[in-house]
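Read in order, the letters of the sequence shown are residues 106 to 606 in our numbering.
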Amino acid sequence: MESGKVFAGRFEITGGPRSGGMGSVYRALDPTTGRTVAVKFLARTFWEGPAGYGGVRPGANDFKRFERERAMHERLGGQGVPRLVGYDFACGRPYLVTEFIEGKNLRDFLVTHRPTLTATVAVIVQVLRILTRVHAAGVIHRDVKPHNIVLADDGTAHLVDFGIALPTDPDATRHTEGRTPGSIGYKAPEIILGERNPGPAADVYGVGCTLFRLVTGEHVFMMSSPDHMIEWHHCETPAPRLDAFVDGLPNSLVDLAARMLDKDPAARPTAAEAETTLQPFLPRLDTPAPHPVLVPDPTAPFRAGNTTTASAVDARARQAAAAGRRRPTVHRPSSVGPTRAGLRSLIAQTEAELTEHGPGPYAQQLARCLPDARNHWGGRDPDVLRALLLRADAARLSGDWPGAGSHYRAVAREVAGAAVGTTEHVLALEARIGAAECTVPEEDDARGALLSWKRVVLEACALLPDVPDRLVRRCREVGQELAEWGHATVVETLLERLPSS
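This is the structure we're talking about:
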């Protein structure tokens, strides 16, 4: 579309196109308001014609994802997310119009600037605040990277391109096909490994990669390597620490970056927790402007006192109150590793906590120590497996069905093929029961959940008379849920074969 062209009888193209994830983005003038807007057209998907000639046509999932992106801008617009201006079809292609952010994306900003630590924190905190709001609304961006972070002329940060964003609503349909979504160098390990329902921790990983780039000027892993090797490192190689590149950094900042880049999503902080850790390093009203001058200057909103919203204040107050109730965490050197007695004690405390009150400080502490325990004893160790199951239980009880389902399936894969009747086999059955329970809210598939549950019950019956009480109880709990979903006859028949719990 050429500059000067007017489409939809309203928008005059003034620049572009440039790539925008799922489509092409143009700059345009809206004469009804006199404002500049961004117009995004759905990209046409490449396909091979029958004679080998190239052709283009939009796929069904492309339309659905584009519609989802429109809905997200409509719902989330403002406070760091471009507002929706309009949406329609032109020339046979859907388009959406959002406010245009005058400024520079962070990737281009880094070509000419090396931000100070204060400026870096100012950028990252603004992004974390946006993500805290986005995650609270039930959305995962899935492509947090410098190119999708725009610094406006006034220094405020904006998160753009929700083309592959995903609702955390377990009833939502997934429209992603083919290659794992996201960008090389910023994708979280769980996304690379094919997790269909990544949680907010995936976005935190992208912010961690961005923080690493801002502080060191480098990517976490060498981008000159082939794509598959970069992704392998993100999944398998511990991320280097910031202080290996830059001397004199605050320990809390270095430790935070390491946690944000942890391979285990459960070990990463939430966006709100990361923001709290970075608060002491933010610019204040009396902080001098950066030197050399930054254009745009991300410290400007903080130095002008224009960044603290009521929601952010309320969130920090809640976090502070929660922190006051937490039990102190003992940090052990990773070289020593956890003790067996300590892990078992924490498992018992977490089980009691989940039974009596739901997820709390013990569940959080167990999730934090799991990576060390797993490295120390291996993923098939019975105590480690029990801890992994409790992590899944905590996610389920907190309503995180996608996260819980992912954790349950990971445990089941870990001990697939275990000998019948062994501890590992029983734990695998528990994991499969949990995964079956998550299938209904995740995929709206009560029949699939019933078939999975039925197979586990039949395997449990084969263990009679030595079926563990916990396994029986879980079979009955999930069975009752399935009965409510219209499968009462089948459930009652099978439950009669199990002992009373």
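Where a beta carbon is used, it is the ideal one built from N, C-alpha and C, also for glycine.
Next on the checklist: Between the segment 315 to 334 and the segment 229 to 246, can you find at least three pairs of beta-carbon atoms closer than 8 Å?
Outcome noted: Taking a cut-off of 8 Å for Cβ pairs, the segment 229 to 246 and the segment 315 to 334 touch, as three or more such pairs fall below it.
Checklist entry - CB-CB under 6 Å to G260, same chain, minus the five flanking residues each way: which ones, in chain order? => result Same-chain partners within the cutoff: P401, D402, P403, A405 and P406.
Item to check | Per-residue DSSP class, three states only, for K209 | outcome: Strand, per DSSP.
Checklist entry - DSSP puts D135 in a beta bridge; with which residues? => result DSSP lists R140 as the beta-bridge partner residues of D135.
Checklist entry - Excluding the five sequence neighbours on either side, which residues of its own chain have a C-beta within less than 7 Å of the C-beta of S108, listed in chain order? => result Taken in chain order, the residues that qualify are I118, T119 and G120.
Checklist entry - Which residues bound the beta strand (DSSP E) around Y200? => result Run containing Y200: R198 to E204, per the beta strand (DSSP E) assignment.
Item to check | Uninterrupted alpha helix (DSSP H) stretches inside the segment 328 to 397 (no shorter than 4 residues) | outcome: Within the segment 328 to 397, the complete alpha helix (DSSP H) runs of at least 4 residues are 332 to 341, 356 to 365 and 376 to 383.
Item to check | Buried/exposed call for R140, threshold 16 Cβ in 10 Å | outcome: It is exposed - the Cβ of R140 has fewer than 16 other Cβ atoms within 10 Å.
Item to check | Other residues of its chain near R115: CB distance less than 6 Å, five sequence neighbours each side excluded | outcome: Contacts found: none.
Next on the checklist: Assuming Y291 and G268 are in contact, meaning their beta carbons sit under 8 Å apart, how far apart are those beta carbons, in whole angstroms?
Outcome noted: Not really, about 15 Å apart at Cβ, beyond 8 Å.
Checklist entry - Starting from A565 and walking both ways along the alpha helix (DSSP H), at which residues does that stretch end? => result Looking at the DSSP string, the run of the alpha helix (DSSP H) that includes A565 is A551 to C566.
Checklist entry - Do you know offhand how far P370's Cα is from S511's? => result Straight-line Cα distance between these residues: approximately 11 Å.
Item to check | Per DSSP, cross-strand counterpart(s) of G183 | outcome: Here G183 is bridged, per DSSP, to V186.
Checklist entry - What is the DSSP secondary structure of G313, counted as helix, strand or coil? => result Of the three classes helix, strand and coil, the one that applies to G313 here is helix, per DSSP.
Item to check | Simplified DSSP assignment, three categories, for V583 | outcome: In the three-state DSSP reduction, V583 falls in the helix class (H, G or I).
Item to check | Simplified DSSP assignment, three categories, for Y291 | outcome: Looking at Y291 - three-state DSSP - the assignment turns out to be coil, as it is neither helix nor strand.
Next on the checklist: Quick check on A426: buried or exposed, where buried means 16 or more other Cβ atoms within 10 Å of its Cβ?
Outcome noted: Because A426 carries a pLDDT of 38, less than 50, the predicted location of this residue cannot be relied on, and the following value inherits that uncertainty. Its Cβ having fewer than 16 others within 10 Å, A426 is exposed.
Next on the checklist: I believe L576 touches V516 by the beta-carbon criterion, under 8 Å. Please report the beta-carbon distance rounded to the nearest angstrom.
Outcome noted: Contact between L576 and V516 does not hold, since their C-beta atoms are separated by about 14 Å, which reaches or exceeds 8 Å.
Checklist entry - Which partner residues of L271 appear in the DSSP bridge assignment? => result Note: L271 is bridge-paired with I245 in the DSSP secondary-structure output.
Checklist entry - Quick one: is P570 buried, meaning 16 or more other Cβ sit within 10 Å of its Cβ, or exposed? => result That one is exposed.
Next on the checklist: For a test of the three-state rule: what should DSSP assign to H530, helix, strand or coil?
Outcome noted: Look at H530 here: in three-state DSSP terms it is helix.
Checklist entry - Out of curiosity, what's the CA-to-CA distance linking A521 and E529? => result Near 9 Å, if we compare the C-alpha coordinates of E529 and A521.
Checklist entry - Who pairs with H324 in a beta bridge, going by DSSP? => result In DSSP, H324 forms no bridge with anything.
Checklist entry - How is D259 classed by DSSP in three states: helix, strand or coil? => result In the structure shown, D259 adopts coil according to DSSP, grouped into three states.
Checklist entry - Between L62 and the rest of its own chain, which residues show a CB-CB distance below 7 Å, the 5 nearest in sequence each way excluded? => result Outside the displayed range of the chain (106 to 606) lies residue 62, so it cannot be described from this structure.
Checklist entry - What residue range is occupied by the uninterrupted alpha helix (DSSP H) comprising P406? => result A405 to R408 is the extent of the alpha helix (DSSP H) around P406.
Item to check | Beta-carbon proximity check, L211 vs H252, cutoff 9 Å | outcome: In contact: L211 and H252 (Cβ atoms closer than 9 Å).
Item to check | Spatial distance of R188 from E204 (CA atoms) | outcome: Each residue's alpha carbon lies about 6 Å from the other.
Item to check | Backbone CA spacing between L587 and A497 [nearest angstrom] | outcome: A direct Cα-to-Cα measurement between L587 and A497 gives close to 20 Å.
Item to check | Own chain partners of T544 with C-beta closer than 6 Å, once the 5 adjacent residues on each side are dropped | outcome: Sequence-distant partners of T544 (beyond 5 residues in either direction) whose C-beta falls short of 6 Å from its own C-beta, in its chain, are D550, G553 and A554.
Checklist entry - When the distance is taken between beta carbons, is R219 closer than 9 Å to G322? => result The criterion of a C-beta distance shorter than 9 Å is satisfied by G322 and R219.
Item to check | Nearest candidate by alpha-carbon position, reference V398, set A224, D332 and A143 | outcome: For the residues A224, D332 and A143, the minimum Cα distance to V398 belongs to A224.
Next on the checklist: Quick check on V286: does DSSP put it in helix, strand or coil?
Outcome noted: Per the sequence shown, residue 286 should be read as Pro rather than Val. Looking at P286 - three-state DSSP - the assignment turns out to be coil, as it is neither helix nor strand.
Item to check | Cut-off 7 Å between Cβ atoms - residues of its own chain near W558, not counting five sequence neighbours on either side | outcome: Excluding sequence neighbours, W558 sits near I538, A541, V583, G584 and L587.
Checklist entry - Cβ of I235 within 9 Å of Cβ of A262? => result Contact: yes.
Next on the checklist: Please report the distance separating the alpha-carbon of G185 from that of A241.
Outcome noted: Whole-angstrom Cα-Cα distance: 14 Å.
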